[in-house]
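From first to last, the protein sequence lines stand for chains A and B.
Each residue of the first sequence is one higher than the one before, starting from 177 at the first, in the working numbering.
Each residue of the second sequence is one higher than the one before, starting from 24 at the first, in the working numbering.
Beta carbons: idealized from backbone N, C-alpha and C, even for Gly.
Values in this document were obtained by computation on a predicted structure and should not be read as measured data.
As structure tokens, the structure follows; a few thoughts come after it.
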Amino acid sequence: MIRRLLRAPVLLAFPVALLVGACTERLDTASSCPVLCPGQTLDILDTILDPAVVLDTTLQTFPLLGFESGLLVATRGDTLDTRAIIRFDTLARVFSPPSDTARPVSYIDSATLSVRLAKTGIKVPQTFYLDAFDVGDTTLVDSLPTTLLPFFTAGRLLGSLRIDSASYIDSGTVRIVLDSAKLRQIVSTPGAVLRIGLQLRSTESGAFLVTSSDDATNGPLLRYRVSADTLVAAVTARPLSLFPRLPLNVNGDLVDYLLVADAPDIRKAGRFSVGGFPGRRTYLRFNLPRWMTDSTAVLRAQLEFVQDPVRGLDERDSLTIRAQVVLAGNATTDLNRAARLLAPAGFFVGDLLRVAPGDSGVVKLEINSLVRLWRTNSGAQNIPSALILRSELEGSSAFGANFFGLSAAPGLRPRLRVSYVPNIRFGQP
Amino acid sequence: MRRPLRLLALVAILPGALRAQGALSVQGYGYPTGQLGSASVALGGATGEIDPSSALNPAALSIPSRFSVYMQVQPEYRRTAVGGQADRSTTMRFPSFIVTGGNRRLTAGLSATTLLDRTWSNVYSDSQLVGGTLLPSVLTASSNGAITDARAAIAYWLNARVQVGLGLHALTGENRLSFGRSFDASTGVGGVQQLTTINYSGRAVSLGLIYLPTKVLAVGASARLGGGMEARQDALDLASATVPDRVGVTFAYTGIPNTTIAARFDHTGWSSMRDLGTAQMSVFDANDVGIGLEVVGPRIAGAPSYARLGLRDRGLPFGVNGDKVGERSISGGIAIPVARGRGQFDISLQRAARSAAGAKEKALFLSIGLGIRP
Numbered sequence: 177m178i179r180r181l182l183r184a185p186v187l188l189a190f191p192v193a194l195l196v197g198a199c200t201e202r203l204d205t206a207s208s209c210p211v212l213c214p215g216q217t218l219d220i221l222d223t224i225l226d227p228a229v230v231l232d233t234t235l236q237t238f239p240l241l242g243f244e245s246g247l248l249v250a251t252r253g254d255t256l257d258t259r260a261i262i263r264f265d266t267l268a269r270v271f272s273p274p275s276d277t278a279r280p281v282s283y284i285d286s287a288t289l290s291v292r293l294a295k296t297g298i299k300v301p302q303t304f305y306l307d308a309f310d311v312g313d314t315t316l317v318d319s320l321p322t323t324l325l326p327f328f329t330a331g332r333l334l335g336s337l338r339i340d341s342a343s344y345i346d347s348g349t350v351r352i353v354l355d356s357a358k359l360r361q362i363v364s365t366p367g368a369v370l371r372i373g374l375q376l377r378s379t380e381s382g383a384f385l386v387t388s389s390d391d392a393t394n395g396p397l398l399r400y401r402v403s404a405d406t407l408v409a410a411v412t413a414r415p416l417s418l419f420p421r422l423p424l425n426v427n428g429d430l431v432d433y434l435l436v437a438d439a440p441d442i443r444k445a446g447r448f449s450v451g452g453f454p455g456r457r458t459y460l461r462f463n464l465p466r467w468m469t470d471s472t473a474v475l476r477a478q479l480e481f482v483q484d485p486v487r488g489l490d491e492r493d494s495l496t497i498r499a500q501v502v503l504a505g506n507a508t509t510d511l512n513r514a515a516r517l518l519a520p521a522g523f524f525v526g527d528l529l530r531v532a533p534g535d536s537g538v539v540k541l542e543i544n545s546l547v548r549l550w551r552t553n554s555g556a557q558n559i560p561s562a563l564i565l566r567s568e569l570e571g572s573s574a575f576g577a578n579f580f581g582l583s584a585a586p587g588l589r590p591r592l593r594v595s596y597v598p599n600i601r602f603g604q605p
Numbered sequence: 024m025r026r027p028l029r030l031l032a033l034v035a036i037l038p039g040a041l042r043a044q045g046a047l048s049v050q051g052y053g054y055p056t057g058q059l060g061s062a063s064v065a066l067g068g069a070t071g072e073i074d075p076s077s078a079l080n081p082a083a084l085s086i087p088s089r090f091s092v093y094m095q096v097q098p099e100y101r102r103t104a105v106g107g108q109a110d111r112s113t114t115m116r117f118p119s120f121i122v123t124g125g126n127r128r129l130t131a132g133l134s135a136t137t138l139l140d141r142t143w144s145n146v147y148s149d150s151q152l153v154g155g156t157l158l159p160s161v162l163t164a165s166s167n168g169a170i171t172d173a174r175a176a177i178a179y180w181l182n183a184r185v186q187v188g189l190g191l192h193a194l195t196g197e198n199r200l201s202f203g204r205s206f207d208a209s210t211g212v213g214g215v216q217q218l219t220t221i222n223y224s225g226r227a228v229s230l231g232l233i234y235l236p237t238k239v240l241a242v243g244a245s246a247r248l249g250g251g252m253e254a255r256q257d258a259l260d261l262a263s264a265t266v267p268d269r270v271g272v273t274f275a276y277t278g279i280p281n282t283t284i285a286a287r288f289d290h291t292g293w294s295s296m297r298d299l300g301t302a303q304m305s306v307f308d309a310n311d312v313g314i315g316l317e318v319v320g321p322r323i324a325g326a327p328s329y330a331r332l333g334l335r336d337r338g339l340p341f342g343v344n345g346d347k348v349g350e351r352s353i354s355g356g357i358a359i360p361v362a363r364g365r366g367q368f369d370i371s372l373q374r375a376a377r378s379a380a381g382a383k384e385k386a387l388f389l390s391i392g393l394g395i396r397p
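This is the structure:
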């Protein structure tokens, strides 16, 4: 019995020692370091690459025609005038009365166009009009929308809607009553198309965003009656484009698009531009030294630009500029195309620039993750080290900003301020 | 037989080595465990040269009291104080595993013992100047792994008084190192982290002798002659040096009934590893002196038990900022037979004190050895 009592705790000693050791693990060492932690220093060096870029160029037009996220209809005196074009290239030309055979449409009544308007940063005018013009002409070159400007005349006015600011708060769907006689003429003419140009008219400055047809719920909608018989349902039509026939599949992009009648040109020699109309992007290509991309760890990389003010239109309003990494390989020599092959916003560059067009001075963009992405192996690089600067409201805002480019004086051109660790010697005591 | 097997199964499912932290004892390439079995630890290392559970003297393999399988666990509980601040840490070690077998006068054995344990971790906050701005930062550094002495040895009884042994050593192992510095996300500064593996290889040969000049005196002596030693970082040759030579001798007196008094002196030429480190690494040759007393206790299950006491003074190979680290310890332990004498637990406690470079460190080792003789 005594032997058993003696042996029992002894037999448990081995596993107990393991468990006790495991449960008392401690990792705090703040007190004994750095005195007892030699070799754990890290040299952080700073350098400035000036010039940081080897190529800068301003590219336009972004987004491509028809790819606007919203259609800006604006009237800003003689500074800015933009309009929206909406195509209804197929219209119902026959209908079937109840219990009868189909017959051609010869009656049009109660024609309306519904569009959703959203307020922009511009104050809503006291009173403004939304005019709808017939701009349909398939004989014109579709890729040159500015040829449609002569159609915005009183003689081609399809309808107009007066809106008072008191009845308009933020956003809402408005219905423009269209001239039924003119629509009947289009419907009864074989091959004719209905293309509506929307223009904002006001004695004050105003700007609204028209929801495009990409939004199936709130996109433009045409409605008209084809019979006096109320048992016959009204026809509704959503935008559709049949032209151009060639190249294939382009017609669908032009269901609705932005028509810029007048916009300030913010471009200046020796500067690169971002934003504005037409939408501009800046392509910046870097040639980082191999010692940096091959064998260092970059902690911070700040791209510094010197902004050149753009005076005039809303120069104190803020503009958000994002940087996106170019994914196009070396085989893509068309920079305009390369500027569309991008990593999603926020990937590798979380930072952004928030500037006002009229600002001046140095702005900084943190791109350390991007510089890490551009690491090389013995100098070999799969994709060019390039990024795109683009406005967050590209294609739906006239705001733009200019920055001094590569050809500017040394103090003005872009430069890259880098903090890096040349190498880590930890391991060998 | 069943009980040891149950214990082995339990050991197998328990967690592996735990991490400790930067301290006086884990400078350089790490802490030298001494390659002593639990019984020798309890005796201040004094019987190291005549203890078959200590992988020092290959001639000791032929001692009749050897176990066929021997394993050891040795957690260390450590307190390190620097400038009024103190840290506590724990390191779990499995410093030795020995298998032996013999036929008449010849005994052979394989063993794997920890030569230098470099297992630690530390995390601390400081500030770093980045781009002209002082930013808060967190440094994380850790090392896991050890240099292991794998030995194949044979021992031979020349006659009733003399045993000789030969050991071939392969030093192997790796250190898995992690080093990183991180900054708060709000600073926009990225962090760095490096994962490194350093592999080691080395060769040595050892010769041993056990001589019994009288019935009450035993002398054990051995020497290890170091060959080449290399360190590789990932696939690159990092450095090469020489495995430290070692020489040691034990005198054990058994003239008092049921009592053994032993003393040992050991010298290891650690400085031969100098080329394995950077110029900042300070490495010193070290002496290890210990005395111990063992008395036979009551018989349990037909086999004797033991009580042990020891004192030890030694230098550690790797210093701090050029200062040599010394270690003094007092130890004690017991040995309890199990399974009718087919197994034995050696349990020891060792209290060690170290000091160097204004830092003081106290450590408590619990060493448990389990020997099995099927």
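Collapsing the DSSP output to three states places Val300/A in coil. With a cutoff of 8 Å on beta-carbon distance, Ala82/B and Phe602/A are scored as not near each other. Neighbours of Phe202/B across chain A, judged by C-beta separation under 8 Å: Gln216, Ile600, Phe602, Gly603.
At a C-beta separation below 8 Å, Ala380/B has these neighbours in chain A: Val211, Leu212. Exclusion of the five residues before and after Ile298/A leaves Ser381, Gly382, Ala383 as the residues of its chain whose Cβ lies within less than 7 Å of its Cβ.
Assignment of Arg269/A by DSSP, reduced to helix, strand and coil, places it in the coil class.
If you draw a straight line from the Cα of Gln236/A to the Cα of Arg457/A, it comes to about 6 Å. Inter-residue distance for Val185/B and Ile233/B is about 6 Å (C-alpha atoms, whole angstroms). Taking a C-beta cut-off of 8 Å against chain A, the contacting residues of the region 302-313 of chain B are Gln303, Met304, listed in chain order. Of the other Cβ atoms in all chains shown, fewer than 16 fall within 10 Å of the Cβ of Leu129/B; this residue is therefore exposed.
Excluding five sequence positions before and after Leu84/B, the CB atoms of its chain that fall closer than 7 Å to its own CB belong to Pro75, Thr123, Thr130, Gly132, Ala176, Ala178, Gly188, given in chain order. The beta carbon of Thr171/B sits no closer than 8 Å to any beta carbon of chain A. Taken in chain order, the unbroken stretches of beta strand (DSSP E) that lie wholly in the region 477-535 of chain A and span 3 residues or more are 495-501, 528-531. Distance from the CA atom of Thr217/A to the CA atom of Leu475/A, rounded to whole angstroms, is 15 Å. Within the model, the alpha-carbon separation for Gly505/A versus Ala514/A is close to 8 Å.
Around the C-beta of Pro396/A, 16 or more other C-beta atoms lie within 10 Å, and the residue is accordingly described as buried. By DSSP's assignment, Glu542/A forms a beta bridge with Gln478/A.
Assignment of Asn425/A by DSSP, reduced to helix, strand and coil, places it in the coil class. Contact annotation: Ala309/B and Gly338/B have beta-carbon atoms nearer than 8 Å. With a threshold of 16 other beta carbon atoms within 10 Å, Asn599/A falls short and is exposed. Residues of the region 208-224 of chain B with a C-beta less than 7 Å from any C-beta of chain A: Gly211, Val212, Gly213, Val215, Gln217, Thr219, Ile221, listed in chain order.
Residue-level contact by beta carbon fails for Glu480/A and chain B, as no gap is shorter than 8 Å.
Interface annotation, Leu259/B: not in contact with chain A, CB-CB separation never under 8 Å.
Contact annotation: in the region 323-340 of chain B, residues whose CB is within less than 8 Å of a CB in chain A are Ile323, Ala324. With contacts defined by Cβ atoms closer than 8 Å, Val348/B and Arg377/B form a contacting pair. Nearest in C-alpha terms to Asn512/A, of all of Asp219/A, Val229/A, Leu565/A, is Leu565/A. At least one CB atom of chain A sits nearer than 8 Å to the CB of Asn145/B.
Residue-level contact by beta carbon holds for Ile220/A and chain B, with a gap shorter than 8 Å.
Of the candidates Arg331/B, Lys385/B, Ala382/B, the residue whose Cα lies closest to the Cα of Ser371/B is Arg331/B. In the three-state scheme derived from DSSP, where H, G and I count as helix and E and B as strand, Gly331/A is classed as helix.
Here DSSP, grouped into helix, strand and coil, assigns Asp470/A to helix. C-alpha of Arg116/B to C-alpha of Ser77/B: approximately 15 Å in a straight line. Boundaries of the alpha helix (DSSP H) around Ala65/B: 61-65. Ser356/A: member of the alpha helix (DSSP H) spanning 356-364, first to last residue.
For Val105/B, the C-beta contacts it makes with chain A under 9 Å involve Ser207, Ser208, Cys209, Val211, Leu212, in order along the chain. Counting the other Cβ atoms within 10 Å of the Cβ of Glu99/B gives 16 or more, which makes it buried.
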